[in-house]
Each structure stands twice: as structure tokens, then as C-alpha cells.
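So the sequence shown is residues 33 to 484, counted in this note's numbering.
Note that beta-carbon positions come from the ideal geometry of N, C-alpha and C, so glycine has one too.
I have placed the structure first, in the form of C-alpha cells, so that the comments after it can refer back to it.
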Amino acid sequence: MSQKNTMSSDTTSIQHSARQVAIEVISNILLQQGSLSTQLARHQLDVASEHIPLLKELCFGVCRQYPKLNSIALHLLEHPFEEKDTDLYATLLLGLYQLTYMNTPDHAAVNESVEACRLLNKDWATKLMNAVLRRYQREADDIVELLEAMPSIEYNHPKWLVKRLNKHWPDQLEEIIEASNTHPPMCIRVNESRVSRETYKATLMEKGIKSTEGEFSSAALYLRNAVRVTELPNFEDGFVSVQDEAAQLSAYILSPQAGDKILDACAAPGGKTGHLLEKADNVELTAVELEPWRMEKIESNLERLSYSAKLICADAAELDTWWDGEHFDKILLDVPCSATGVIRRNPDIKINRKPADIDEMVSIQREILDSVWTTLKPGGFMLYATCSLMPEENELQIQRFLENQKNATDVPLNTLAADFALEWGIPVSHGRQLFPSLESHDGFYYCLLKKI
Ligand SMILES: C[S@@+](CC[C@H](N)C(=O)[O-])C[C@H]1O[C@@H](n2cnc3c(N)ncnc32)[C@H](O)[C@@H]1O
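In C-alpha cells:
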């Protein structure tokens, strides 16, 4: 009896700790103090390693379901919480998430949320938390039915985003929303310079890891079930990397050849940098990245793959701070963007992305694109890429660029690799647009430019 009690209280206290950390992560996201990935990277060490999956489930889950949970919470609360009580609002969202989507027994979800108010030294909120969650327990079906017609509930996306997606992609809207609301598949890129996809697939199979080949990238394997990278055979030896299939296409399009001098202008975390180096020997690659902490990720990625590149921490748009005047043969320009094609991997976008962010991204992209173009040699190629679904960041950005740059033209995406089939995404006025797809690739945009 006493042993049972000890075990159950241990489990409860550890779960409380994952929940407490989740409250902090969600509060910080609500207060716009960083993205889910940076918050998790910073806070996941605060819980025991075996509870990191629970922490991630809670945080990813609340962000993924935020539009729905937020509408429910606002309906249940007579007065919204003040900003100084954002931690209580995060507690409420986590409670609602557990009640709606997790196997946590209802009474435990409610009690933990009430207890969390005490741990936050806000005992005054315990009654309110208890009453609100118990009401939801009793009336969940009626409340959801009542709110069903709201776009945020129907699509589980912010209203403004649904409106924009519907304006630009009415035919693809349902597909985009469905894919963006689900867990993305785990896709890996086999390092074809070390092992064939077929051989690696068989090695995975021997370990009981089932996978299927990607349709568009000859290096892509989708795992039936996600695993930790440490479970992937020879991961530390650089045999594979985790990378979405749409992202893998960039290396096929740019098709590096021995002797090429290539610039990867917005490079971190270096997923595409590594792939470019896998494609050919003796490539002279320069990777530029603005953020020092993200630069470290390129370093560790390349170290694992046993490749080297010239790494420069700088603003790619400020040529005088990093460029030595030697022109590049090929440039990959994977600019910062609204990431609206990868919401399923960054569901905090549903909380924090605002329409004004898109305009801001467009001008940052414009500045980088206009500057970096100077560093391309005549006859050279630049691949412009985003993981956005917004034409302003994609084909319209390129249209503006082409109107101003008389020495630029867009060319077919298989110009540098004639046998690379363009069967992915759809053609748009300039380049191709990919949409996030269930059990398949993310949303992406590519346009290949040539300097004439
Ligand atoms: C879409 S991500 C690149 C992903 C990367 N190509 C990969 O495949 O792993 C964009 C990157 O550009 C960086 N960045 C943003 N503004 C920049 C600038 N002005 N100059 C250089 N890098 C920049 C961001 O920090 C971010 O790491």
C-alpha cells in the first residue's frame, strides 16, 4: 500500500513538472517571447528526459488546437484574463487540451489545472479554474456545436489566414488546412554519397523501422512511425538527415557539380547546405547566416556529415560585411518567410503570426534578394526558395524582382538537371508552388533565376 502511494505521488509530481514547464512555454508564446521551437529548446531541460515527450505533446497540442481552444476558453470566461495572468490563461488552455484531446482522466486534468494555480501563487484563481473546466466537462458538446460555424473552429486556423488562403488557393484550401492541422510525417534524406536509399531502407527494416520511398526526391524515405534520430542506423556517421521531401528538392534543382562555387545565403540550420555537399565532391561552398546561435547548428550538422564549408555569420543583404567580390556560380536563397507551408511543424504560427508579418517578410526578402543577386556571376543560377504559401513572398516577389532586374530571367526548374522530373506542386506565373500534403511533403515554393 505504502509503495503504491509513493509511486503514484512520484508520477504525479513528475507530470506536474512537465505541465508547469508547458505553462511557462505556452505563456511565453502567448506573450510573443519566442517561437515554440526556441522555447522548447530552452525549457525542455527543466523536465526529466522521460517526460520530454509529454511536454512536447502538451505544447505542440495546445498550439495546434489553439484557434479552437481559444474560442472555447473565451466563451467560457466571463472576463478574459489580464496580460499579467497569461500564465493562468495558458493553464486553462492546457486543461481544455487535456480534456478534449488526451487520455488524462477528466478529474486529473481539472485537479492538475487547479493545483497549477497554487503553484503559480495565484490561489485566488483556483475556484475560477475549477468552475470553468467543470462547466466545459459538462457542456463540451453543446459549446463546440454552438461555436462550430466560426472559421477558427471549422478550420482550426486564424480567421485572417483562412481568408488569405481561400483568396489565393480556393481549390487547394481544404487540402492545405487538413494537412496543416495534422502531425507531419517523419521524412529522412539518405546520404546517397555513402549509401543507396534501397540499402538504407533494408537496414531500417532489419531494425523494425518501416519506411516508404518519397516520390520526388530519390533520397527521401518516409518512416511509418517517427523515431528518435539516435535510433536511425549510422545517424552519427552522417548516413542520413531528417529533412522534409520538399526541402530536399533544392539540391536536385541546383544540381552541384565538381568545382562549383556555391553560396547558401540564409543557411541555418544547414539542412540544405549538407545536401548540396552530398551531391558532388569538390564543391566550394560558402554559408551565410544571420543568427550566431543558428550558425552553431550548421557547424554541428556539417561535422556529423563530415563536410566543411566557409561559414560566415552576417546579414546576407550587407555585402560589404561578408563578400570578398568573388562571384558565385550558383546561389541558394532560402529566405526567411511566413512559414505558412510548414504550420504543422511550427503550429505556434497559429498563435503569433499576424498579417503585418507577411508584409515585413516581403520587404526583408526583397532586400536580401536584391543584394545577393550582385554576387552571382553572369550566366550563373540562383534558386529562390520559401516555405510559404503566400504569393507575395513567392511568385509576386519574383515578378517584382524581374521587373527591376533586367539581367534576370526565370528558367525551368530542371534547367540544371534535365532528367529531374517536375511532377511536384503546380506551376505558377514564376516557379512552382507545393502545398502541404497529408503523409507527404510540406508547402514550399521554388523559382530558378538565371543571370543573363
Ligand atoms: C528558412 S531558414 C533557412 C533554412 C536552411 N536553408 C535549411 O535548409 O536548413 C532562413 C534562415 O535565414 C536566416 N536569416 C534571416 N535573415 C537573414 C539575413 N538577413 N542574412 C542571412 N541569414 C538570414 C534565419 O536566421 C534562418 O536561419
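- Your pair Ile-400 and Cys-298 checks out as a contact, with CB atoms roughly 7 angstroms apart and the cut at 8 angstroms.
- For Val-79, the three-state secondary structure derived from DSSP is coil.
- Restricted to the stretch 377 to 436, the beta strand (DSSP E) segments that are unbroken, complete and at least 3 residues in length are 408 to 418, listed in chain order.
- With a threshold of 16 other beta carbon atoms within 10 Å, Leu-281 meets it and is buried.
- When secondary structure is reduced to three states using DSSP, Leu-365 falls in the strand class.
- According to DSSP, Leu-317 shares a beta bridge with Ile-294.
- Not one heavy atom of ligand 1 is found less than 7 angstroms from the C-beta of Pro-216.
- Around the beta carbon of Met-237, fewer than 16 other beta carbons lie within 10 angstroms, which makes this residue exposed.
- Counting C-beta atoms within 10 angstroms of its own C-beta, Asp-361 has 16 or more neighbours from the protein chains shown and is therefore classed as buried.
- Comparing alpha carbon positions, the residue from Trp-405, Met-414, Lys-386 closest to Pro-190 is Lys-386.
- Per DSSP, the continuous alpha helix (DSSP H) segment holding Met-327 begins and ends at 324 to 337.
- In this structure, the beta-carbon distance from Leu-62 to Thr-118 falls below 8 angstroms.
- Contact between Ile-84 and Gln-76 holds: CB atoms are separated by about 5 angstroms, below the 8 angstroms threshold.
- With 6 angstroms as the limit, the residues whose C-beta approaches a heavy atom of ligand 1 more closely than that are Ala-279, Cys-298, Ala-299, Ala-300, Pro-301, Gly-302, Gly-303, Lys-304, Val-320, Glu-321, Leu-322, Glu-323, Arg-326, Asp-347, Ala-348, Ala-349, Asp-366, Pro-368, Ile-400, in chain order.
- Of the candidates Leu-421, Leu-428, Ile-383, the residue whose Cα lies closest to the Cα of Ser-395 is Leu-428.
- Counting along the chain, Val-272 sits inside the beta strand (DSSP E) bounded by residues 272 to 274.
- Judged by DSSP in its simplified three-state form, Pro-217 adopts coil rather than helix or strand.
- The beta carbons of Pro-288 and Ala-312 sit about 4 angstroms from each other, so the pair counts as a contact at 8 angstroms.
- Residue Ile-294 holds the alpha-carbon nearest to the alpha-carbon of Leu-364 among Ile-185, Glu-210, Ile-294, Ala-105.
- DSSP places Leu-152 in the coil class of the three-state scheme, outside both helix and strand.
- With a contact defined as Cβ atoms closer than 8 angstroms, Tyr-168 and Leu-108 qualify at about 6 angstroms.
- Taking one beta carbon from each stretch, the stretch 413 to 422 and the stretch 217 to 226 have fewer than 3 pairs nearer than 8 angstroms; the two do not touch.
- For Gln-465, the enclosing beta strand (DSSP E) stretches over residues 464 to 466.
- Bridge partners of Pro-459 according to DSSP: Arg-464.
- Contact between the stretch 134 to 154 and the stretch 172 to 192 is absent: fewer than 3 CB-CB pairs across the two stretches fall below 8 angstroms.
- When DSSP states are grouped into helix, strand and coil, Leu-106 belongs to the helix group.
- With contact defined as three or more Cβ pairs closer than 8 angstroms, the stretch 324 to 340 and the stretch 302 to 311 are in contact.
- Secondary structure note for Ala-211: its alpha helix (DSSP H) is the uninterrupted segment 205 to 212.
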